[in-house]
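**Q** Residue numbers are given in the numbering used here: position 604 of the sequence shown equals residue 604, and the series is strictly consecutive.
The C-beta atom is built at its ideal place from N, Cα and C for all residues, glycine as well.
Owing to the predicted nature of the structure, the values given are computational and were not obtained by experimental measurement.
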Amino acid sequence: MTITLRNQIGSFLFACFAAVLIAGQAPGVEKIDPPSWWVGSTIDPVRVLIKGRNLAGARIESATPGITASNFMTSANGNYLFADLRLAETVRPGNYQLRVVTSGGSVNAPFEVFTPQPRLGNYNGFMPDDVIYFVFTDRFADGDPTNNDPQKSKGLYDRKKGRHYHGGDLQGIIEKLAYIRSLGATAIWTTPVYDNADREDTLETYPPEMPTTTGFHGYGAVDFYGVDEHLGDMAKLREFVRKAHQAGFVVLQDQVVNHTGPYHPWANDPPTPNWFNGTVDKHESNNWQKWTAMNPRATFQTQRRNIDGWFIDILPDLNQTNPEVEKYLIQNSLWWIAQVGFDSIRMDTLPHVPRSFWSKWGSAVHREFPKVNILGELFDSDPVLLSYFQKGRRGHDGIDPEIDTLYDFGLFYPIRNAFAQGKPIREIHQMFARDWLYPKPNVLVTFLGVHDMPRFMNEPGATTTGLKLAQTLIMTSRGTPLLYYGDEIAMPGGADPDNRRDFPGGFPGDVRNAFTSAGRTADENDVWNHLAKLGSLRKAIEPLRRGRSLDLFDAEQQYAYARLTDKEAAVVIFNNDTIPAEVVFDISFISKQIATDATLRDALGSLSDLKVNDGKVKATIPARSAGIYVVK
């Protein structure tokens with residue numbers, strides 16, 4: 001007891017002595033987050049975080065009329081200063097100086113007041129009318145080889161190493177916008193643009209044949225306000241979004257609020273003691289028990305590792321229950337949208353962040369940008385858990401998480417099972433039957449694969465025929481379809497990083513160019529042409545985008561459904577069996593859209609016409625095929 005008290009007194013005296021030393025030294029400023037803000041924002045005041053040195057007891061003074069600072073807080077070591085900034089309506093856009101004052105002197109911190117991107121043409125969100133194309137930026141196209149091995153981070157570029165940078169960048173996407181559009185895609189999601197570490201990651205270890213990794217994926221931020229130099233810069237990012245908008249795309253920004261990269265400066269010098277859930281030396285590892293987020297029987301202890309645990313034991317887990325962290329993350333999301341003009345946010349790792357934070361964060365996004373919608377990632381097959389995170393209904397915890405839509409992982413697994421492995425297609429029908437769980441099932445994002453799993457063509461039993469059937473389903477059923485780059489040419493790929501292969505023809509020295517038909521194999525062209533045809537049909541046939549869904553026929557390996565608007569209908573029929581199959585079903589109850597004696601043609605042009613007799617359809621569908629039938 002005496003020893004403990006003595007230690008506490010000693011620590012206190014040392015802290016006081018250190019504070020005196022810091023207070024007598026001139027302050028320095030290294031960084032200010034956010035570096036800029038705008039007049040008229042719904043966030044007023046904006047909370048700034050200044051990183052520097054000798055900031056103990058600091059305050060901010062502004063010589064600019066209309067810019068005022070208050071509510072100062074500094075870290076114990078004098079490395080951080082928090083302050084509220086208010087921007088009056090009279091403040092004009094421009095570059096200003098905030099004077100940081102301590103007893104040891106003063107220093108200027110630059111701060112910009114900017115004009116957000118115009119409302120017209122920006123911040124529009126995506127919808128089921130759209131088709132999303134997901135670009136893994138580093139692996140898609142190298143449009144600017146000069147940023148492959150930048151001086152700032154020498155040695156991280158090596159195309160022979162699967163987890164190093166390969167040269168794909170924002171300029172590469174700009175140059176391929178017409179290609180993406182030719183597939184029928186109208187929205188683009190890219191991997192995060194945050195600045196990642198300028199060194200190899202030796203904390204995240206892998207087998208000897210590929211022992212180290214880098215931040216080529218973008219999910220290990222070391223600066224939430226910086227663009228990684230391998231991808232471009234802020235000007236190039238704005239150019240990409242502007243040109244994508246001009247080409248008719250909406251653009252989704254991939255954001256991360258759960259964690260930082262392991263080499264973020266905060267990791268060993270956090271702005272507050274509880275900035276993270278734990279420290280580098282003492283923390284819990286995440287146990288991935290996502291279901292605890294919706295468990296009404298759960299206690300804080302049973303949920304804690306899922307929420308507070310560090311991914312793979314190395315990614316510092318941000319503490320969103322800390323009000324300063326909460327403000328920082330909300331402001332960061334809004335800043336990117338206003339600075340660049342993004343239309344939507346793709347948000348990483350939903351179930352590992354408190355739902356109370358999502359409610360506040362999502363409300364802030366919708367308040368500032370009402371049309372910007374949020375796509376959340378929850379990697380789980382259970383639609384009960386998935387639906388618990390969609391906006392539009394309060395959970396048993398009384399919280400509406402304000403997440404507009406989610407990836408339909410519930411549907412993903414039956415699609416893979418049926419069309420790759422040959423399991424019953426009835427599993428797909430059974431999953432659609434659970435749509436009632438979701439507040440808005442029609443806006444879910446359907447997909448065949450993304451960057452965190454082996455590709456479709458690496459599934460046991462996968463064929464290009466099965467891939468085309470799977471593409472037909474997501475392009476004709478409810479929801480917004482998402483295409484992972486390379487799936488249009490049946491690109492194979494196992495576990496990370498094999499599922500993130502370079503797109504052939506996107507990089508200097510490639511032996512072929514799969515962006516062109518001449519550079520693709522016969523099988524690749526077959527899949528590409530099929531997907532492009534589906535894209536054209538989805539655009540031309542309104543029910544495929546906006547129609548309500550009705551199931552017409554169900555058997556173990558056969559499935560038929562209709563997509564209906566008030567005036568039109570499309571009937572989609574699948575036979576997933578290895579032999580022809582007969583299907584018979586009644587459509588007399590949709591006679592407003594399809595007459596009881598109509599003739600239907602397959603819009604894909606592959607199957608024979610069907611004659612409706614007295615409101616009934618009888619057809620023999622070839623093995624492993626599908627038709628999209630509309631009135632002839």
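1) To which residues of the same chain is V511 closer than 7 Å at the C-beta, ignoring the five residues directly before and after it?
2) Provide the residue(s) that pair with D33 in DSSP beta bridges, ordered along the chain.
3) Just to confirm, is the Cβ distance from I188 to A235 under 8 Å?
4) Provide the residue span of the beta strand (DSSP E) that contains R563, from first to last.
5) V527 by DSSP, collapsed to three states: which one?
6) Are there three or more Cβ pairs, one per stretch, closer than 8 Å when the stretch 523–530 is compared with the stretch 548–557?
7) Over the uninterrupted alpha helix (DSSP H) stretch that includes L237, give me the two end residues.
8) Beta-carbon separation of R163 and T214 under 8 Å?
9) I'd like to check one pair, L448 with I428: are the Cβ atoms closer than 8 Å?
10) Who are the near neighbours of V631 in its chain, counting only those whose CB is closer than 7 Å to its CB and skipping five residues on each side?
11) Could you spell out the range, first to last residue, of the alpha helix (DSSP H) harbouring N71?
12) Which residue's Cα is closest to the Cα of D577: L183, N196 and T465?
13) Skipping 5 residues on each side, what residues in its chain have a beta carbon closer than 6 Å to that of P497?
14) What would DSSP say about T115, mapped onto helix, strand or coil?
15) For the pair the stretch 110–130 and the stretch 29–39, tell me if three or more CB-CB distances fall below 8 Å.
16) Quick one: does the C-beta of Y206 sit closer than 7 Å to a heavy atom of the ligand GDP?
17) Closest by CA to K282, which one among A338, P273 and K290?
18) Using only CA atoms, which one of G392, K533, K618 and D343 lies nearest to F369?
19) Which same chain residues end up closer than 7 Å to P401 when comparing Cβ atoms and leaving out the 5 residues on each side of it in sequence?
20) What three-state label does DSSP hand M457 in the structure shown?
21) Express the C-alpha separation of N268 and L21 in angstroms, rounding to a whole number.
22) How about F249: is its C-beta nearer than 8 Å to some C-beta of chain C?
23) Starting from T480, follow the beta strand (DSSP E) in both directions and report where the run begins and ends.
24) Beta strand (DSSP E) containing G509: first to last residue?
25) In this structure, how does DSSP classify P110 when only helix, strand and coil are distinguished?
26) Quick check on DSSP: helix, strand or coil for T620?
27) Output the boundary residues of the alpha helix (DSSP H) element that contains Y413.
28) Name the one or two DSSP bridge partners that M347 has.
29) Starting from Y629, trace the beta strand (DSSP E) in both directions and tell me its first and last residue.
30) Whose CA, out of Y485, M491 and A470, lies closest to the CA of N458?
31) In this structure, does DSSP put I594 in helix, strand or coil?
32) Thinking C-alpha only, which one of N442, F136 and G461 is nearest Q253?
33) What is the rounded straight-line gap between the Cα of Y225 and the Cα of N196?
34) Could you give the distance in angstroms between the alpha-carbon of N575 and the alpha-carbon of F379?
35) Hey, how far is the Cα of G486 from the Cα of H217?
36) For A603, does the count of other Cβ atoms within 10 angstroms reach 16, so buried, or fall short, so exposed?
**A** According to the structure data:
1) none
2) L49
3) no
4) Q558 to L564
5) helix
6) no
7) M234 to Q246
8) yes
9) no
10) I594, A598 and L600
11) Run containing N71: none in the alpha helix (DSSP H); it sits in the beta strand (DSSP E), I67 to T74.
12) T465
13) G162 and R163
14) coil
15) yes
16) This structure does not include the ligand GDP; it has no bound ligands of any sort.
17) P273
18) D343
19) R355, W358, S359, G362, F389 and K391
20) helix
21) Note on L21: pLDDT 49, under 50, position unreliable in the model; the coordinate value appears next. Rounded to the nearest angstrom, the two C-alpha atoms are 22 Å apart.
22) The structure shown contains no chain C; it holds only a single protein chain.
23) T480 to Y484
24) Note, G509: premise wrong, no beta strand (DSSP E); not H, not E.
25) strand
26) strand
27) F409 to F419
28) Q255 and G376
29) S625 to V631
30) M491
31) coil
32) F136
33) 11 Å
34) 29 Å
35) 16 Å
36) buried
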